[in-house]
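Colleague: Pasting a structure here, questions to come.
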DNA sequence: GTTTAATCGAGACGGTACGTCGAGTCTTACG
DNA sequence: CGTAAGACTCGACGTACCGTCTCGATTAAAC
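Residue numbers (our numbering), protein chains in the order written: chain A, 183 to 379; chain B, 183 to 379; chain C, 183 to 379; chain D, 183 to 379.
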């Protein structure tokens, strides 16, 4: 039931090479940073011809995108803990630590790429930004239904405020993104419904 | 009393060349986009030697940064309209339109650059991100003092939520950034104080 | 009847700068070699503006040519010792040592320049090559008149053979140019008249 | 038995590019002269990337040297005609005409280069100057053995006188280098043995 | 004594070519 | 036929000097 529409004979795609490339991407990234990372370096590090990379991806951004989704595969799930506060805190506390370290660097590089290349931006949004945001919106709507948020709030805009705050500090504003921050942020969201205390 | 530590002679910097470079930067940006914009193209378009650019700036990002601050010089002031709602709405409605068009493209390029180059990131934050954010914080603190916001909100985090939402849509999430959006966003902020309705 | 059509006042040429430039040329030559020697380096080393050099010379080759004639001023005279053998040996033994050391390097550079630039070649020939060769021809003609050489030899071609041998080794063929060589060369010339031994 | 130390695969060197570069070198030389000839112009004229030139040669002088040896490959052989006079005349009459025209310009440029760059000088001597001089020495020694020259002449110094005269006129002294000159020069050499006429 | 004009050091200017780098494409031989 | 190796064309990089052009500051002869 898988996609086995390969025509006929010929050597099949080498999974070994595939894995070596993704792994080499991470290594070169850690060694040189995203900007200095080149297809040539990845190929050399993976012991692979450049053509083998270009056959399966169209740019270093595409390789990096797959590396991100493969290597991180988002250890950051959305869960239903029973309360909006729990849902948000759990999610954010899992999400923030990963932003330091290599996967954060990778993410910053991919955002940069999406800002410089509209085609890649669509890809990046489709595979990364939009799905995760959609889950956050679901979580917030659940909070509204539970009565934890006033019904007049717009969950779309509220999602922007939550993720926006996180991304703003991650991408632009040099200030810490720690558990303390997560608590304050969630408190601000919950304050919206503290009308009749 | 000023810094007049210039040693002696030498031909003074040509303001004509200086202006021509900033202008050419905008033209090439519009023509080719930020990524494809090169120092060589800027030099050619300005009728200037490459050395003249490298003498005063260290990269295309630095030129672009000065072009942004010079050419836009922020038609987007912060004003005290007497109410938090007025302050926020006025500011946002002025800020959002500029994000479409060439200055938006320039801004996206500069953010990308700051994500790829830590040194430039500091420069960009120092000259652009931090000062503007500081003004927003002042505006929010004024709202707290006036009693338009509950005293337990953290103006720093609230600023992240406002600017974060704006930047998130501008940089990452493909959804409109219009006056309607500004109203909803401001409403969410003001909802924080609707406790005794 | 001379060209003293200078209009009027104005600061006169600084002899101090003039000398400093010639001296700096020798220093830079020794430090960097002829090829790497630049007008900019000479100006910097002499503590002089580039314009001051370009005002009086048109290229580094012209400066070097004047430096050569000034600093060497030909310690290599032609003398009438009474015999062809004495004339030739005296001249060659004086000429050869100078070809090692900085003045040799300068000379090589000037020859290179004259090979690359036809205009400079004329200048170089006029001021250096032709006058010295003419003196050698005089010396050889004197030898013919004295009967030290057979009357059928062409002094022009014979001069080429003497100076040619010297220049050939100096410019092209890596072999010593010492007193021993001078003796053998002179012997070959004198052999032409050993017909009736 | 041969030098087959090539490791393994990889696209082989393009002979088409190789030939195009040598040919373009001659064209640009004719068009612009040696000094104004640049690697960029050669690359453009050959329809080749600059990298391809720098991959195989280290400077325009190296390209020019190979162009000289390839394109001229010396239509100027040394032959044993049975007499010293014949040998010398034949050789010189073949050698002199090539010194006018483009190959002469190339040769002048290469000499200039060798005067400005010691490393290249060694290369130039090894591949061009020394082998040809060696053949001339062989020719002269043959003359001595045949008794056409007195046994006390030094063939090394005599070679300098022959080639020196030629190079002197070619490089330094602006006078014709024609068949007439060849005859006079050879006569001077032969005069050495006219002792018992 | 002022004026006048050419000089001086300094260094920015518009250019050209340098030699390097990486992108993305192509040609081999091997398995 | 997919692959590793690596040569190919292309074009921007940032540097170095070129020869020219301001500057403000000398400097002497001419007025």
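Ideal placement from N, C-alpha and C gives every residue a C-beta, glycine not left out. Please read all numbers here as calculations on a predicted model, not as lab measurements.
What distance in whole Å lies between the Cβ atoms of residue 297(A) and residue 250(A), which are believed to be in contact at a cut-off of 8 Å?
Modeller: About 16 Å; that fails the 8 Å criterion.
Colleague: Tell me, please, whether the region 205-215 of chain C touches the region 356-368 of chain B by the rule of three or more beta-carbon pairs shorter than 8 Å.
Modeller: In short, these stretches do not touch, since the Cβ pair count stays below three.
Colleague: Indicate the three-state DSSP secondary structure (helix, strand or coil) for residue 369(C) in the structure shown.
Modeller: DSSP places residue 369(C) in helix when its eight states are reduced to three.
Colleague: Can you list the residues of chain C that residue 343(D) reaches, using a CB-CB cut of under 7 Å?
Modeller: 343, 346, 347 and 370, listed in chain order.
Colleague: Measuring only the C-alpha atoms, how far is residue 183(A) from residue 242(B)?
Modeller: Its pLDDT being 35, under 50, residue 183(A) is placed unreliably by the model, and the measurement read from it follows with that caveat. Roughly 51 Å between the two C-alpha positions.
Colleague: Which residues in the same chain as residue 287(D) place their Cβ atom closer than 7 Å to its Cβ, once the five residues preceding and following it in sequence are excluded?
Modeller: Only 211, 215 and 216 meet the Cβ criterion.
Colleague: Using C-beta distances below 6 Å, list every residue in its chain close to residue 378(A), excluding the 5 sequence neighbours before and after it, in chain order.
Modeller: Low confidence applies here, because residue 378(A) scores a pLDDT of 46, under 50, leaving its location unreliable; read the following figure in that light. So the list is empty, once near-sequence residues are dropped.
Colleague: Measure the alpha-carbon distance for residue 280(A) versus residue 260(B) and round it to whole angstroms.
Modeller: Cα to Cα, residue 280(A) sits roughly 35 Å from residue 260(B).
Colleague: Rounding to the nearest angstrom, what Cα-Cα distance links residue 376(D) and residue 335(C) in this structure?
Modeller: Each residue's alpha carbon lies about 12 Å from the other.
Colleague: Below 7 Å CB to CB, which residues in the same chain sit around residue 374(B) once its five sequence neighbours on both sides are set aside?
Modeller: 331, 332 and 335, listed in sequence order.
Colleague: Got a sec? Which residues, its chain only, sit under 8 Å from residue 310(B) by beta carbon, not counting five neighbours each side?
Modeller: Cβ within range, chain order: 247, 250, 251 and 292.
Colleague: Using a Cβ-Cβ distance under 7 Å, would residue 339(B) count as near chain A?
Modeller: Residue 339(B) counts as touching chain A.
Colleague: Measure the alpha-carbon distance for residue 207(B) versus residue 195(B) and round it to whole angstroms.
Modeller: Residue 207(B) and residue 195(B): Cα-Cα distance of roughly 19 Å.
Colleague: Is the beta carbon of residue 319(A) closer than 7 Å to that of residue 341(A)?
Modeller: Taking 7 Å as the Cβ cut-off, residue 341(A) and residue 319(A) qualify as a contacting pair.
Colleague: For the region 193-213 of chain A, enumerate the residues whose C-beta is nearer than 7 Å to any C-beta of chain B, in chain order.
Modeller: Listed in sequence order: no entries.
Colleague: Assuming residue 258(A) contacts residue 270(A) (C-beta within less than 8 Å), just tell me the rounded distance between them.
Modeller: At roughly 12 Å, the Cβ-Cβ gap does not stay under 8 Å, so residue 258(A) and residue 270(A) are not in contact.
Colleague: If contacts are defined as beta-carbon pairs under 8 Å, then residue 218(D) and residue 339(C) qualify, I think. What distance do you get, rounded to the angstrom?
Modeller: With a Cβ gap of about 34 Å, residue 218(D) and residue 339(C) do not count as contacting.
Colleague: The region 293-307 of chain B: which residues have C-beta closer than 7 Å to a C-beta of chain A, in chain order?
Modeller: Per Cβ criterion, the list reads 293, 294, 297, 298, 299 and 307.
Colleague: Thinking just about the alpha-carbon of each residue, which of 224(D), 278(D) and 203(D) is nearest to the one in residue 357(D)?
Modeller: Nearest option by C-alpha distance: 278(D).
Colleague: If we ignore side chains and look at the alpha-carbon of each, how far apart do residue 343(C) and residue 314(D) end up?
Modeller: Going from the Cα of residue 343(C) to the Cα of residue 314(D) covers about 18 Å.
Colleague: Taking just the CA atoms, how far does residue 229(D) sit from residue 198(D)?
Modeller: Their Cα atoms are separated by approximately 11 Å.
Colleague: Note down, in chain order, each residue of its chain lying with its Cβ closer than 8 Å to the Cβ of residue 186(B), except the 5 sequence neighbours on either side.
Modeller: Residue confidence is low: residue 186(B) scores 44 on pLDDT, short of 50, so the model does not pin down where it sits. No coordinate-derived value is stated.
Colleague: My understanding is that residue 225(A) touches residue 235(A), with C-beta atoms under 8 Å, so please give their C-beta distance in whole angstroms.
Modeller: Contact flag correct, Cβ pair sits at about 6 Å.
Colleague: What three-state label does DSSP hand residue 229(C) in the structure shown?
Modeller: In this structure, residue 229(C) counts as coil in the three-state DSSP scheme.
Colleague: Do residue 337(C) and residue 353(C) have their beta-carbon atoms positioned less than 7 Å apart in this structure?
Modeller: No, Cβ-Cβ distance for residue 353(C) and residue 337(C) is not below 7 Å.
Colleague: In whole angstroms, what separates the C-alpha of residue 134(A) from that of residue 244(A)?
Modeller: Any question about residue 134(A) goes unanswered here, given that chain A covers just 183 to 379.
Colleague: Output yes if chain B places a C-beta closer than 7 Å to the C-beta of residue 360(A); else output no.
Modeller: Judged by the 7 Å Cβ criterion, residue 360(A) is not in contact with chain B.
Colleague: Using a Cβ-Cβ cut-off of 7 Å, state whether residue 253(A) counts as contacting chain B.
Modeller: Chain B, which has no Cβ nearer than 7 Å to the Cβ of residue 253(A), makes this no.
Colleague: Using DSSP with H/G/I as helix, E/B as strand and the rest coil, what is residue 186(A)?
Modeller: Annotation note: pLDDT 36 at residue 186(A) (below 50); position unreliable, coordinate value reported separately. Coil, per DSSP.
Colleague: Give the residues of chain A in contact with residue 311(B), contact being defined as C-beta atoms less than 8 Å apart.
Modeller: Correct list: 354 and 355.
Colleague: Kindly indicate which three-state DSSP category residue 192(B) falls into: helix, strand or coil?
Modeller: Here residue 192(B) sits in coil by DSSP.
Colleague: For chain B, is any of its Cβ atoms less than 7 Å away from the one on residue 249(A)?
Modeller: It does not; no Cβ of chain B falls within 7 Å.
Colleague: Using DSSP with H/G/I as helix, E/B as strand and the rest coil, what is residue 239(D)?
Modeller: Of the three classes helix, strand and coil, the one that applies to residue 239(D) here is coil, per DSSP.
Colleague: Residues of chain B with a CB under 9 Å from the CB of residue 216(A): which are they?
Modeller: What residue 216(A) touches in chain B: 297 and 298.
Colleague: Check the C-beta distance from residue 266(B) over to residue 372(B) and give it rounded, since I have them as a contact under 8 Å.
Modeller: Going by Cβ atoms, the distance from residue 266(B) to residue 372(B) rounds to 7 Å, so yes, they are a contact pair.
Colleague: Shortest alpha-carbon distance to residue 300(C) belongs to which of 355(D), 254(D) and 274(D)?
Modeller: Measuring from the Cα of residue 300(C), the nearest candidate turns out to be 355(D).
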